[in-house]
Amino acid sequence: MFERPSAGERAILVQLALGGPIDEGASGELHLLARAAGAIEVGFLTGSRDTPDPRLFVGAGKGEELKALVADAGAELVIVDHALSPAQERNLERLVQCRVVDRAGLILDIFAQRARSFEGKLQVELAQLRHVSTRLVRGWTHLERQKGGIGLRGPGETQLETDRRLIGKRIALLNKRLARIEGQRAQGRRARHRAELPTVSLVGYTNAGKSTLFNRLTAAGVFQADQLFATLDPTLRRLSLPEAGAVVLADTVGFINQLPHELVAAFRSTLQETRDADLLLHVVDASDEHRLANIDQVHLVLTEIGAEQRPQLLVYNKIDLLPDMPPRLERDEQGRPVRVWVSAVTGAGMDQLLGAIDEILNADIHSYTLRLPPQAGRLHARLYQLGGVQDEATTAEGHWLIQVDLRDSDWQILDNTERVSQYLVENETASCLAVASEAP
């Protein structure tokens, strides 16, 4: 049985075109990912197939070619730029006699190296354990406690069962610790709502310049580098705007094509800052020729975490890398800001960006008067969590008569989940609150 080596950075990169030509942008991203993980590239294997081979993914012929390439280059690792099933990963390892890591495993390894905060380390460990739990194999048969000799037969726990049990216990412990941290984050969000502090969250494809832009706007000193996933841990800072006043700016983890579901699940509490944000600044690398595809990938992740309905402002960054590209603000047919072209490195376009944020945060707030029955207690609590309640009184029938100021995005979400529009008071004005409050 092949034993996985504990170390090794000399890597062969493998990329297949499935049903089409090789995407040059994807190839470049694979090289950047391998470099970010610390791998030393000693070979690159490409090919094309209509569909993946169920046994080896790359097929028998390419498998033999890969085996020879590994032997000739003295490689200790094979990185496959695709999602491999546990069986495919195991079969490839047996064939090439070295470790095989798929795209998800590579990204998880990068996250493990970059996590700095206690929460980030817990999230990465949880994601790794969920990933590896599907890939346990009989690679340590010498540790089995079930053997067939005289005096050794009978009930016992195999090493595989022991691994599964220990991983399960560790996952449960990590979930409990992360739940406590999530409670602390939720408490902070509720405090910001009570203080009526809007939250603006930076999202975007990895290496689009989110941390550089965050530092430019807040002087936070967050680590920034021209590499994939330079920063993972979320950072919150206060930002002052001329009209909207103080807002909270949140820097979040970058997204990427085929982001592992284990990471999305583990970082759900961190990404909650994105889901609850009043405005998303979607940072795009304007110099990247694949920026439209990257925008689509970010939208997919936002949909997965339930943040697709939040208002967005596209921020095209890195215009300093484009010839003769001035900073500018673009509006839609209704005159609302939709795109800003800036350079976080030089500071060009920052005034237009701050003005657009200020305008959006002030434009979509509307006042509503609601009459809530006693059975709408959950909606009543939700309105207070959003910090939108301006005045409240109780009617003689025991109903809540509430005046709220809500952003359009919050109203839409409440209408989809709680059908808040059915409680809207059409013929009464806010003055009815004063009348109801004077009732005995």
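The sequence shown begins at 1 in the numbering used here and counts up by one. For every residue, glycine included, the Cβ atom is placed at its ideal position computed from N, Cα and C. This structure is a prediction, so every number in the text was calculated from the model and none was measured.
According to DSSP, is residue i part of a helix, a strand, or is it coil?
{"i": "Q97", "result": "coil"}
{"i": "G377", "result": "helix"}
{"i": "Q146", "result": "Residue confidence for Q146 is low, a pLDDT of 47 falling below 50, so the modelled location carries little weight; the figure read from the coordinates is stated next. Q146 falls in the coil class under three-state DSSP."}
{"i": "G38", "result": "coil"}
{"i": "V56", "result": "Note that residue 56 is Leu in the sequence shown here, rather than Val. L56: coil per DSSP, three-state reduction."}
{"i": "I12", "result": "strand"}
{"i": "V264", "result": "helix"}
{"i": "G43", "result": "strand"}
{"i": "V425", "result": "coil"}
{"i": "G204", "result": "strand"}
{"i": "V283", "result": "strand"}
{"i": "G245", "result": "strand"}
{"i": "D405", "result": "strand"}
{"i": "E65", "result": "helix"}
{"i": "R336", "result": "coil"}
{"i": "N175", "result": "helix"}
{"i": "S85", "result": "coil"}
{"i": "T235", "result": "strand"}
{"i": "N317", "result": "strand"}
{"i": "S48", "result": "strand"}
{"i": "L33", "result": "helix"}
{"i": "V389", "result": "strand"}
{"i": "V420", "result": "helix"}
{"i": "Q509", "result": "Absent from the structure is residue 509, since the part of the chain shown begins at 1 and ends at 440."}
{"i": "R382", "result": "helix"}
{"i": "A219", "result": "coil"}
Could you check whether residue j and residue i sit closer than 8 Å to each other, using their CB atoms as the reference points?
{"i": "Q88", "j": "R55", "result": "yes"}
{"i": "L171", "j": "L129", "result": "Reading off the sequence shown, one finds Ile at residue 171, where the question assumed Leu. Cβ atoms of I171 and L129: closer than 8 Å."}
{"i": "V340", "j": "L322", "result": "no"}
{"i": "V14", "j": "D81", "result": "yes"}
{"i": "K318", "j": "G204", "result": "no"}
{"i": "L452", "j": "T162", "result": "Lying before the first or after the last residue shown, residue 452 is absent from the chain, which here runs from 1 to 440."}
{"i": "V342", "j": "V298", "result": "no"}
{"i": "L313", "j": "P337", "result": "yes"}
{"i": "I365", "j": "R407", "result": "yes"}
{"i": "E182", "j": "D358", "result": "no"}
{"i": "V247", "j": "T199", "result": "yes"}
{"i": "E418", "j": "R382", "result": "yes"}
{"i": "L69", "j": "L106", "result": "no"}
{"i": "I360", "j": "L279", "result": "yes"}
{"i": "Y423", "j": "A393", "result": "no"}
{"i": "A115", "j": "K121", "result": "yes"}
{"i": "G254", "j": "T206", "result": "yes"}
{"i": "V283", "j": "R291", "result": "no"}
{"i": "A71", "j": "G43", "result": "no"}
CB-CB under 8 Å to residue i, same chain, minus the five flanking residues each way: which ones, in chain order?
{"i": "H399", "result": "R371, L372, P373, P374"}
{"i": "E9", "result": "G38, A39, I40, E76, L77"}
{"i": "A83", "result": "D102, R103, A104, Q258"}
Within the same chain, show all residues whose beta-carbon is closer than 6 Å to that of residue i, passing over the 5 residues directly before and after it, in chain order.
{"i": "R275", "result": "I305, G306, A307"}
{"i": "V101", "result": "I79"}
{"i": "K62", "result": "G47"}
{"i": "L414", "result": "V420"}
{"i": "D405", "result": "I365, S367, G388, Q390"}
{"i": "L95", "result": "G63, K67"}
Can you name, in chain order, every residue of its own chain whose Cβ lies under 7 Å from the Cβ of residue i, other than the five neighbours on each side?
{"i": "A17", "result": "S48"}
{"i": "A216", "result": "Checking the sequence shown, residue 216 turns out to be Arg, not Ala. If we look at R216 and ignore the five residues flanking it on each side, its Cβ neighbours are A344, G347, M350."}
{"i": "A356", "result": "L313, L329, P337, V340"}
When the cut-off is 8 Å and only beta carbons count, does residue i lie next to chain D?
{"i": "Q403", "result": "Annotation note: the requested chain D is absent from the structure, which comprises a single protein chain."}
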